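Below: the structure, in structure tokens.
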Amino acid sequence: MGSEEEKKYCTEYTGYEMMLISASRQIKANDIIFNAFHWPYLAVHIARLLHFPNLYTVIEIGNIQDQLIKPTRMPYSISDPVIVPNSLFIGDSVDVLSVLQRGEITLAFLSTSMIDKYGNCNTTVIGSYDKPIYRLPGGGGATEIAALSKKVIWLLDEHTKRKFQDRLQYITDPGYLDGYDSRIKAGYPPDSGPEAIISPLCIMRFDSKTKEAYLDALHPNISIEEVKENTGWDLKVAKELKQIEPPTIREIEVCRKTMKDAIEQCYILKPEWITYLEK
Amino acid sequence: MGSEEEKKYCTEYTGYEMMLISASRQIKANDIIFNAFHWPYLAVHIARLLHFPNLYTVIEIGNIQDQLIKPTRMPYSISDPVIVPNSLFIGDSVDVLSVLQRGEITLAFLSTSMIDKYGNCNTTVIGSYDKPIYRLPGGGGATEIAALSKKVIWLLDEHTKRKFQDRLQYITDPGYLDGYDSRIKAGYPPDSGPEAIISPLCIMRFDSKTKEAYLDALHPNISIEEVKENTGWDLKVAKELKQIEPPTIREIEVCRKTMKDAIEQCYILKPEWITYLEK
Amino acid sequence: MTMKDAIRKFVNDGEMVFLGGFAHGIPFSAAHEMIRLKKRKLKLCKASGGILFDQLIGAGVTNHIITSHCWNGFGPQPTWNYKRAIEKGIPHKIIYNEQSLFMINMSFFAGYMGIPFVPIRSLVGTSIIEHPKEVGLKATMVKCPFTGENTCVVPAINPDVGIIHVQRADSEGNAQMWGFIGENKYGINACKKIIVSAEEIVDRKVIMESPERTIVNSYKVDAVIHEPWGGHPYSMQGFYYTDLKYNFNYTKETKTIEDWEDWLEKWVTGVNDRQEYLKVLGEKRIKKLKAKNMIQGAVDYGF
Amino acid sequence: MTMKDAIRKFVNDGEMVFLGGFAHGIPFSAAHEMIRLKKRKLKLCKASGGILFDQLIGAGVTNHIITSHCWNGFGPQPTWNYKRAIEKGIPHKIIYNEQSLFMINMSFFAGYMGIPFVPIRSLVGTSIIEHPKEVGLKATMVKCPFTGENTCVVPAINPDVGIIHVQRADSEGNAQMWGFIGENKYGINACKKIIVSAEEIVDRKVIMESPERTIVNSYKVDAVIHEPWGGHPYSMQGFYYTDLKYNFNYTKETKTIEDWEDWLEKWVTGVNDRQEYLKVLGEKRIKKLKAKNMIQGAVDYGF
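Protein chains in written order, with numbering that gives the first Met the number 0: chain A, 0 to 278; chain B, 0 to 278; chain C, 0 to 302; chain D, 0 to 302.
Structure follows, in structure tokens:
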């Protein structure tokens, strides 16, 4: 993002677009990424198109890949057969679990229905397990991705108290569990765990001691109050609160191209996320 | 072996040839055979040529096969690359272990340096492990094959007290361990274990209660005394001792062709085993 | 053998059934036959339940599912029969035995290996391990005898009967797949009875041309069925692409019970077999979904 | 990078070294370089030691071998350096840490999976489990938390460095094998440092034509070496057949210490690298061993 051209900022964009772009900026060239379905896939796709065409990614179905799909194309999901002849490795879920368990994933993106202040997530059930109010689809492989990746970044497309809860009744995906050293005591690698939560409003990170999520950086034109009001616990704020750079023209172009391609592949993006898509 | 032609017996043959032919006769059409290297391989090869061209065999390198190598050929070992394009399955040793552990092998042939009265074998060491008199090559996969096949038939090319011992100092491959129910108590499947020992002199089987090997059938022109004198324990004899049918002309033809092919593939067969090979 | 004969003969009410396929080679044809034959109280296991499980739940075939999620991956959108059954007991209550994706894969692996359990490094601290489950399907902790660390272990799963849909098999049942194998190799070999349906029945010579692609061998297989398009609406690498429209619309078309009943009549109970199903799908759609050739991956097996 | 550079840079005295290949794709070239570079006190692990280990023992490179057997499979015949070292301490005492074939495979598998141990159904009642061994390489018993049965478990092996010889790799280290894979995929991925030598260096496009054949990916690989005939005298499917005569004669040619020293001089210390080794082998023999073409196994990856 060095040139003048690229630095020209976009002024009209949605919080959802900002979330995806913010996520894509977290990636480093040498990351080995766990590439999960949906919003995570879009964020990684944007990073590939913008900066790192040769990013190494692993998906749960058993693929390892280090370049864009050719001809350039958005897979409809992590199981699109177009992925197979674009892979450096095809194995099975057990092979992929081995990559996770050996601690080789440096960064994973995941999305979820709800998260708590210690970065634990629930994609299983609202209400009791046996007599649920709402039954959610279930966690799939997110449990292991959350448990074993060195850094996990959670994407939540809606920043509300319903989504950001103090503590959860049911944990599908382990974060810092009860905070402090409870994750390490449970046996997870000391260098693993949630790294950030990115929403349309902000980026949260985790306190190095208590492991509680705090407000680390605000997306443009968002206030501390707005974030605090929509978060289900007494959110602490970083001493040196950062301001996120708005999307550049280039970033927004790539983001919207990605979203368009996603819609063509049956991704449902809410109307308020795609306000500017046809402009 | 129905026709008159085939029933014509051969009168001149070696004990080694009788051992291989006796072994080949133990196979049934529906057996799933574990096909180990060397003498076992030859016995199974003979059965394939004589009776069961479509016999199912598994080898430890990760092959499953149900027909003769084409063009007909004796592999130099279980790792001959000619095997690969003649296989119905190629995997790895872990895949093969799964076949064994699931209890799917109905019959395995193995050869060994020494055996005891409970069908335990030693291919590791003579003398103490740390200060050996002779160090043997080691067991390879025989440990698992002996542990997990439903029926195991041991081939010993030399019938002496040195080879047939009362009890062994070192057990590489588990038979009935200390006899009686000790194998089952150790956790092995009740329907698994040594079925027979075949030597140039005879076939031994195992007592259903004590699990001690007894003389079940004599090869032609062999006396009970000869077997007992060359066996390292007080060998019991079956109430109805069987006499093994001599090799038929057809059997001996196939056996000698197999031995010739083996020699060409670097198998060392002792001069006394191949006395009649050029006739 | 026809699919009807195979399901009738080898799938009994109350049995645990493995249905293979991870978004590729999913045995929809077999599942629809279970519905037509009114199979009941099947205990279903599969890494990712998806709309296959949703249909079997809606048709009343199962009362117990063992999987890591059940949704319509296109959208993504909810699957309504699944939600109706769990939230409201329609058509009846079902047990959802939640697994994580890799947990169920490792359980199949343990079943494949013939070992009673296998360690996994996840699950600790989650509600998945804490929630009461049927004995034999719940992870637990043991102490590693080598390192002393607390280690999570999952039990083996060995279903009564398994069904996979593959690209090709010979007439004896040696079955091959390529592309995404998912849990197929581990799951199917862990089963006591095995049904294989295939897009193509090939000569055994073809199997031996790339023996690494074999996932189950004939000596274990009870039934082989030639069933072209048996995996629609999901993909079959080298044969057809995913039917995006069909999958996407599924959630909309099954939202109410009435809609679901119409859907079921149209695609399942109103047809007799896969060939009639394909007539409903229509030639035009079939032609559109057909994969373009991309024949590659030969290597030198010379010696 | 040359083999000499790779062994010098990545193999340190005293480390645990995995050498891949099960009678096919055995890294003889790498082993000979270890001998020339006078590596010492290496702890070697490999499912089947064979004449490769015999040479490394005779040359004084190792003092500890972890394997399931060590012999000359042709004949079969004994391997004399192995016997001399264990029976007489020549050139020095070595520890032979005996494993069963499937036990060491499962230990590599556990290392591959990143789990501390894995159950195995054999070993109980044998002296292999009873004989004292280094902690971390000895099987032991645990109680299955699901079935209550006593279950044998083996520990993970994660060697410091691993070396495999494969048919092809791209320049970044994505390595592919076919035919007998042996323990290569599990063993090599369990290692901390990885050296790959290949018969051919190919474009990444070739790797992606059949991604199922990949056994290790470039992000884990430290060195890639183009080393034609690096697996002689064993086979490399699609490249060359086993050198039966060379293997068969090995036992005769290394029976006495003097004979062994001559053999070592002729084939290893008297040459500088694999190319010089091939000159000793001679063009005529090379021509004879070269595999005939048998290109097959393509399938349709279309979508």
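No residue lacks a Cβ here, since even glycine has one placed at the ideal position from N, Cα and C.
For clarity, every value in this text was computed on a predicted model and none was experimentally measured.
I need the straight-line Cα distance from residue i to residue j, nearest angstrom please.
i                     : j                     : result
residue 166 (chain A) : residue 158 (chain A) : 16 Å
residue 6 (chain A)   : residue 244 (chain A) : 10 Å
residue 168 (chain C) : residue 61 (chain B)  : 20 Å
residue 201 (chain B) : residue 22 (chain D)  : 34 Å
residue 38 (chain D)  : residue 8 (chain D)   : 12 Å
residue 76 (chain D)  : residue 55 (chain D)  : 18 Å
residue 0 (chain B)   : residue 32 (chain B)  : With a pLDDT of 46 at residue 0 (chain B), under the threshold of 50, the modelled position of this residue cannot be trusted, and the question is left open.
residue 223 (chain A) : residue 196 (chain A) : 15 Å
residue 131 (chain A) : residue 166 (chain C) : 40 Å
residue 69 (chain D)  : residue 259 (chain D) : 17 Å
residue 137 (chain D) : residue 36 (chain C)  : 53 Å
residue 32 (chain D)  : residue 248 (chain B) : 54 Å
residue 6 (chain C)   : residue 128 (chain A) : 33 Å
residue 272 (chain C) : residue 2 (chain C)   : 8 Å
residue 227 (chain C) : residue 282 (chain C) : 14 Å
residue 199 (chain D) : residue 71 (chain B)  : 31 Å
residue 255 (chain C) : residue 71 (chain C)  : 16 Å
Assuming residue i contacts residue j under a Cβ cut-off of 8 Å, what Cβ separation, rounded to an integer in Å, is found between them?
i                     : j                     : result
residue 20 (chain A)  : residue 246 (chain A) : 5 Å
residue 44 (chain B)  : residue 257 (chain B) : 5 Å
residue 151 (chain C) : residue 115 (chain C) : Actually they are not in contact, since the Cβ atoms of residue 151 (chain C) and residue 115 (chain C) sit about 15 Å apart, beyond 8 Å.
residue 301 (chain D) : residue 237 (chain C) : 5 Å
Locate the alpha helix (DSSP H) running through residue i, then write down its first and last residues.
i                     : result
residue 110 (chain D) : 100-112
residue 276 (chain C) : 273-280
residue 24 (chain A)  : Premise fails: residue 24 (chain A) is in no alpha helix (DSSP H) and is neither H nor E.
residue 29 (chain A)  : Neither: residue 29 (chain A) is in no alpha helix (DSSP H) and is coded neither H nor E.
residue 79 (chain C)  : 79-82
residue 217 (chain C) : Where residue 217 (chain C) is concerned, there is no enclosing alpha helix (DSSP H), given that its DSSP letter is neither H nor E.
residue 53 (chain D)  : 49-57
residue 156 (chain C) : Taken as a continuous stretch (DSSP letters only), residue 156 (chain C) belongs to no alpha helix (DSSP H), as it is neither H nor E.
residue 148 (chain D) : Per DSSP, residue 148 (chain D) belongs to no alpha helix (DSSP H) and is neither H nor E.
residue 224 (chain B) : 223-228
Tell me the residue span of the beta strand (DSSP E) that contains residue i.
i                     : result
residue 100 (chain B) : Unbroken run through residue 100 (chain B) is the alpha helix (DSSP H), 92-100; no beta strand (DSSP E).
residue 17 (chain D)  : 15-18
residue 258 (chain A) : Per DSSP, residue 258 (chain A) belongs to no beta strand (DSSP E); it is in the alpha helix (DSSP H), 248-263.
residue 195 (chain B) : 193-197
residue 132 (chain A) : 131-134
Quick one: which chain C residues come within Cβ less than 7 Å of residue i?
i                     : result
residue 265 (chain A) : 73, 74, 243 and 247
residue 37 (chain A)  : 75
residue 281 (chain A) : In the structure as shown, chain A starts at 0 and stops at 278, and residue 281 (chain A) therefore has no counterpart that could be examined.
residue 101 (chain B) : 113
List the residues of chain B that residue i touches, going by C-beta distances under 8 Å, in chain order.
i                     : result
residue 93 (chain D)  : Within 8 Å Cβ-Cβ: nothing; residue 93 (chain D) doesn't reach chain B, min ~11 Å.
residue 240 (chain C) : The contacting residues do not exist; residue 240 (chain C) stays about 29 Å from chain B at best.
residue 77 (chain D)  : 136
residue 123 (chain D) : 146, 173, 185, 186 and 187
Whose Cβ in chain D lies nearer than 8 Å to the Cβ of residue i?
i                    : result
residue 81 (chain A) : 302
Please compile the residues from chain C whose C-beta is within a distance smaller than 8 Å of the C-beta of residue i.
i                    : result
residue 87 (chain B) : 173, 203, 206, 207, 210, 213, 216 and 217
Would you mind telling me which residues of chain A sit closer than 8 Å to residue i, beta carbon to beta carbon, in chain order?
i                     : result
residue 70 (chain C)  : 136 and 137
residue 188 (chain D) : 97 and 101
Name the chain D residues whose beta carbon is nearer than 9 Å to that of residue i?
i                    : result
residue 33 (chain C) : Result: empty, since nearest Cβ-Cβ is about 28 Å, beyond 9 Å.
Identify the contact partners of residue i in chain C, using a Cβ-Cβ distance below 9 Å as the criterion.
i                    : result
residue 55 (chain B) : 216, 217 and 218
- request: Check whether the stretch 184-199 of chain D touches the stretch 166-175 of chain D, counting contact only when three or more Cβ pairs, one atom from each stretch, lie closer than 8 Å.
  value: yes
message: Quick check: the stretch 183-191 of chain B against the stretch 136-152 of chain B, are at least 3 beta-carbon pairs closer than 8 Å?
response: yes
Stretch-stretch touch, CB-based, cutoff 8 Å, three pairs: the stretch 167-179 of chain A with the stretch 121-129 of chain A: yes
message: Does the contact criterion of 3 or more C-beta pairs under 8 Å hold for the stretch 227-241 of chain D versus the stretch 279-295 of chain D?
response: yes
message: Check whether the stretch 145-160 of chain D and the stretch 102-115 of chain D touch, using three or more Cβ-Cβ pairs below 8 Å as the test.
response: yes
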